[in-house]
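Colleague: Below: one structure in structure tokens.
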Ligand code: NDP
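Numbering (this note's numbering), first residue to last: 488 to 771.
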């Protein structure tokens with residue numbers, strides 16, 4: 488028998504705590520504010536931005552949306568970011584990815600003040616994640632750690648195998664698991680004998696971007712499986728990187744898609760925005 492990790496339940500619990508902290512801050516005249524920049528008309532990005540705005544409303548924070556046309560230049564986005572960097576009511580700034588091809592995404596992310604970089608994508612914040620002394624947690628990895636802790640799943644001493652080495656999921660997840668005293672292996676497309684490695688995992692994280700990539704023969708009996716993948720199928724349904732139906736029976740805990748890791752990412756973004764606002768209070 489396995490337990491299905493309920494990302495919505497964990498997310499609701501964390502948001503309740505965030506809401507009550509926001510209420511306390513408001514009594515002191517501070518309302519946390521998140522500025523979200525979206526460029527162009529990508530429908531998936533629109534859904535993500537709407538979820539972020541909804542999350543702000545739900546937890547009592549302000550949200551400011553900057554919807555820019557497809558033809559916006561890198562310089563124009565940077566000049567908006569510079570304005571937001573200096574705006575007191577804005578505690579967090581993010582630019583929804585992916586940006587259109589003609590925009591230099593790296594330049595844009597680097598223009599966000601590290602103090603307001605609630606996605607934790609700025610090199611300064613990535614570096615802090617590496618040293619373990621960070622202000623803002625990388626959202627998707629932090630959401631996964633939060634879920635493990637909510638379900639009292641031990642991390643210390645366990646072997647965590649991560650498939651994927653992206654800067655936003657795989658690498659920062661490795662850092663957070665190390666901070667929590669796991670033994671970590673990171674795999675990628677050039678990894679040899681992948682199946683032999685994944686079968687050693689006590690905690691297996693799939694962040695590949697390929698539907699049903701992780702099959703039952705890749706998973707150890709009793710492992711914990713966290714599925715980061717969000718793949719849109721031809722029938723419009725979402726599918727994870729794990730072949731849930733065939734893998735679940737071998738696991739002790741597993742996240743579904745949708746309703747697993749996904750809901751946690753926005754919640755951890757809200758948590759980072761709250762952190763930024765609380766730091767402002769300390770500074771004042
Ligand atoms: P990337 O495409 O940036 O990274 C994918 C990783 O998978 C790469 O490191 C790649 O290796 C590795 N990979 C690809 N093929 C194989 C293979 N055959 N064997 C082993 N490794 C392989 O994706 P992201 O990390 O940005 O995202 C991964 C998935 O998670 C996507 O579905 C994305 O939509 C989803 N996602 C979900 C979020 C959420 O909130 N739930 C948040 C962010 C992402 P290499 O480096 O060698 O190319």
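Each residue gets a CB set at the ideal place from its N, CA and C atoms; glycine is no exception. Quick caveat: nothing in here was measured; it's all calculated off a predicted structure.
Could you check how far apart the C-beta atoms of residue 711 and residue 640 are, in whole angstroms? I think they sit under 8 angstroms.
Modeller: Yes, residue 711 and residue 640 are in contact; Cβ-Cβ is about 6 angstroms, under 8 angstroms.
Colleague: Assuming contact is defined by CB atoms lying nearer than 8 angstroms, are residue 577 and residue 520 in contact in what I supplied?
Modeller: In contact: residue 577 and residue 520 (Cβ atoms closer than 8 angstroms).
Colleague: Should residue 660 be labelled buried (16 or more other beta-carbon atoms within 10 Å of its own) or exposed?
Modeller: Residue 660 is buried by the Cβ-count criterion.
Colleague: Determine the closest residue to residue 563 out of 592, 540, 766, with distance taken between C-alpha atoms.
Modeller: Comparing Cα-Cα distances from residue 563 to each of 592, 540, 766, the minimum goes to 592.
Colleague: Could you tell me if the beta carbon of residue 491 falls within a distance shorter than 7 angstroms of some heavy atom in ligand 1?
Modeller: Incorrect: residue 491 has no Cβ contact closer than 7 angstroms to ligand 1.
Colleague: Would you say the segment 535-551 touches the segment 572-591, given that touching needs at least three Cβ pairs under 8 angstroms?
Modeller: With a cut-off of 8 angstroms, the segment 572-591 and the segment 535-551 count as touching, because enough Cβ pairs lie within range.
Colleague: Report the CB separation of residue 754 from residue 502 in whole angstroms; it is logged as a contact under 8 angstroms.
Modeller: So it is a contact: roughly 6 angstroms between Cβ atoms.
Colleague: Within the same chain, show all residues whose beta-carbon is closer than 6 angstroms to that of residue 694, passing over the 5 residues directly before and after it, in chain order.
Modeller: Cβ within range, chain order: 651, 656, 657, 715.
Colleague: Give me the Cα-Cα distance between residue 645 and residue 688, rounded to the nearest whole angstrom.
Modeller: Going from the Cα of residue 645 to the Cα of residue 688 covers about 8 angstroms.
Colleague: Starting from residue 510, trace the alpha helix (DSSP H) both ways and give me its first and last residue.
Modeller: First-last of the alpha helix (DSSP H) with residue 510: 494-514.
Colleague: Taking 8 angstroms as the threshold (C-beta atoms), are residue 559 and residue 526 in contact?
Modeller: In contact: residue 526 and residue 559 (Cβ atoms closer than 8 angstroms).
Colleague: Mind checking whether residue 632 and residue 667 have CB atoms under 8 angstroms apart?
Modeller: Yes; because the gap between Cβ atoms is below 8 angstroms, this pair is in contact.
Colleague: For a test of your reading of the model: does the CB of residue 653 fall under 7 angstroms from any non-hydrogen atom of ligand 1? Yes or no.
Modeller: At least one heavy atom of ligand 1 is nearer than 7 angstroms to the Cβ of residue 653, so yes.
Colleague: I believe residue 734 touches residue 717 by the beta-carbon criterion, under 8 angstroms. Please report the beta-carbon distance rounded to the nearest angstrom.
Modeller: Contact flag wrong, Cβ pair sits at about 17 angstroms.
Colleague: On the premise that residue 497 lies in contact with residue 634, defined as a C-beta separation below 8 angstroms, what is that separation, rounded to the nearest angstrom?
Modeller: Residue 634 to residue 497, Cβ: 5 angstroms. Contact.
Colleague: Along the chain, where does the alpha helix (DSSP H) containing residue 681 start, and where does it finish?
Modeller: Element bounds for residue 681: 681-685.
Colleague: Is residue 537 close to ligand 1? I mean its beta-carbon at under 7 angstroms from any heavy atom of the ligand.
Modeller: No; taking the cut-off as 7 angstroms, the Cβ of residue 537 has no heavy atom of ligand 1 nearer than that.
Colleague: So, helix, strand or coil for residue 621, using DSSP?
Modeller: Note: residue 621 maps to coil in three-state DSSP.
Colleague: List the DSSP bridge partners of residue 718.
Modeller: In the DSSP output, where bridge partners are listed per residue, residue 718 has 726.
Colleague: Check for me: the beta strand (DSSP E) holding residue 523 runs from which residue to which?
Modeller: Run containing residue 523: 520-526, per the beta strand (DSSP E) assignment.
Colleague: Distance, Cα to Cα, residue 573 vs residue 614?
Modeller: Taking the straight line from one Cα to the other gives about 23 angstroms.
Colleague: Taking only three categories from DSSP, how would you classify residue 649?
Modeller: Looking at residue 649 - three-state DSSP - the assignment turns out to be strand.
Colleague: Does the separation of the CB atoms of residue 669 and residue 642 fall below 8 angstroms?
Modeller: A contact, by the Cβ cut-off of 8 angstroms.
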